[in-house]
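Numbering (the working numbering), first residue to last: 2 to 129. Ideal placement from N, C-alpha and C gives every residue a C-beta, glycine not left out. Here is the structure we will look at.
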Amino acid sequence: MVSVIITTKNQEELVERSVQSIVNQQYSQTFEIIVIDDASDDMTIQKVRNKFVDKVKIIMKQKPAGWLDSLVKGCESATGDLLVLFDPHCVAKHCWLEAIVSIFENEPDLLILTGPAHHGNRFMQKVS
2 MVSVIITTKN QEELVERSVQ SIVNQQYSQT FEIIVIDDAS DDMTIQKVRN
52 KFVDKVKIIM KQKPAGWLDS LVKGCESATG DLLVLFDPHC VAKHCWLEAI
102 VSIFENEPDL LILTGPAHHG NRFMQKVS
């Protein structure tokens with residue numbers, strides 16, 4: 002099983018498109034999507050809840066504690082053997098998850114993987 006973990010805070014303009022790109026994955030196996038919100042004060046979590054309530058596990062933190070705390074909470078609640086980290090400013094192509102799983106299946110000694118994703122006009126787009 003694969004767990005896709007999305008950490009977010011105050012990203013109401015980005016989160017819906019990002020989560021939708023994960024929901025739309027053409028991956029034939031079961032996978033879970035976990036959205037961890039770091040106490041947003043905008044409509045981020047409401048957008049996720051309204052559109053994806055039956056497709057994602059939502060973890061809402063009452064007090065902001067930062068990205069690393071959110072990541073730890075997401076990993077602790079994940080049921081998958083493979084943890085895939087994703088950010089709300091990213092959009093995954095339809096075959097993204099299948100490609101990641103395939104790489105791990107073909108490289109049993111591999112522990113971590115990073116690669117290209119659409120990050121918009123941000124620093125991480127240049128790195129990817």
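Collapsed DSSP secondary structure at residue i in the structure displayed
i, result
"S41", "coil"
"S129", "Caution is warranted here: a pLDDT of 47 is assigned to S129, below 50, making its placement in the model unreliable, and no coordinate value can be reported."
"K52", "helix"
"L98", "helix"
"E108", "coil"
"I113", "coil"
"L84", "strand"
Inter-residue spacing [alpha-carbon to alpha-carbon] between residue i and residue j
i, j, result
"I60", "F53", "13 Å"
"H95", "D88", "16 Å"
"S129", "K64", "Note on S129: pLDDT 47, under 50, position unreliable in the model; the coordinate value appears next. Whole-angstrom Cα-Cα distance: 32 Å."
"E14", "F105", "32 Å"
"S41", "V73", "17 Å"
"V49", "V20", "8 Å"
"T8", "V57", "13 Å"
"K10", "L86", "15 Å"
"Q47", "T80", "24 Å"
"D43", "N51", "14 Å"
"K62", "R18", "22 Å"
Cβ-Cβ separation, residue j to residue i (assumed contact under 8 Å), whole Å
i, j, result
"W97", "Q30", "That belief does not hold up - the Cβ atoms of W97 and Q30 are roughly 14 Å apart, past 8 Å."
"T45", "D55", "Their Cβ separation, rounded to whole angstroms, is 18 Å, which puts T45 and D55 out of contact at 8 Å."
"A93", "S22", "4 Å"
"V102", "V24", "Actually they do not touch by this definition, with Cβ atoms about 17 Å apart."
Pair within 8 Å by beta-carbon distance, residue i and residue j
i, j, result
"I6", "C91", "no"
"I35", "S78", "yes"
Residues that residue i bridges to, as DSSP identifies them
i, result
"T8", "I37"
"K58", "I35"
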